[in-house]
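What follows is one structure encoded as structure tokens, with my remarks underneath.
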Amino acid sequence: MYFDEDERLIIEEALQLLWEERGLDYLPINDAGKYYDPDYPDDARMANTISCLLERF
Numbered sequence: 322m323y324f325d326e327d328e329r330l331i332i333e334e335a336l337q338l339l340w341e342e343r344g345l346d347y348l349p350i351n352d353a354g355k356y357y358d359p360d361y362p363d364d365a366r367m368a369n370t371i372s373c374l375l376e377r378f
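Take my numbering: the final residue in the sequence shown is number 378, and no numbers are missing along the way.
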């Protein structure tokens, strides 16, 4: 999928805002570089998805 520079900036900002809104900074990172939390696996899954998307941009 191709995004122009403005589209990329908007998507990156939206992902960063979602990260902040959900307060995902508390999640630890395992040895494989993935976020995890056995008590809140949905938060870890979302953090890993956002992180992966940001890396692609």
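The C-beta atom is built at its ideal place from N, Cα and C for all residues, glycine as well.
Inter-residue CB distance, residue i and residue j (contact presumed, cutoff 8 Å)
i: residue 364; j: residue 375; result: Actually they are not in contact, since the Cβ atoms of residue 364 and residue 375 sit about 16 Å apart, beyond 8 Å.
i: residue 322; j: residue 345; result: With 8 Å as the limit, residue 322 and residue 345 do not qualify as a contact, their Cβ atoms being about 24 Å apart.
Endpoints, alpha helix (DSSP H) assigned at residue i
i: residue 369; result: 362 to 377
i: residue 325; result: From DSSP, residue 325 is part of no alpha helix (DSSP H); its letter is neither H nor E.
Close-in-space but distant-in-sequence residues of the same chain around residue i (CB under 8 Å, 5 per side omitted)
i: residue 333; result: 375 and 378
i: residue 351; result: 357
i: residue 369; result: 355 and 356
Rounded straight-line distance, which links the Cα of residue j to that of residue i
i: residue 324; j: residue 372; result: 18 Å
i: residue 359; j: residue 341; result: 20 Å
i: residue 362; j: residue 339; result: 17 Å
Own chain partners of residue i with C-beta closer than 7 Å, once the 5 adjacent residues on each side are dropped
i: residue 329; result: 378
Paired residues, beta bridge with residue i - DSSP
i: residue 350; result: 356
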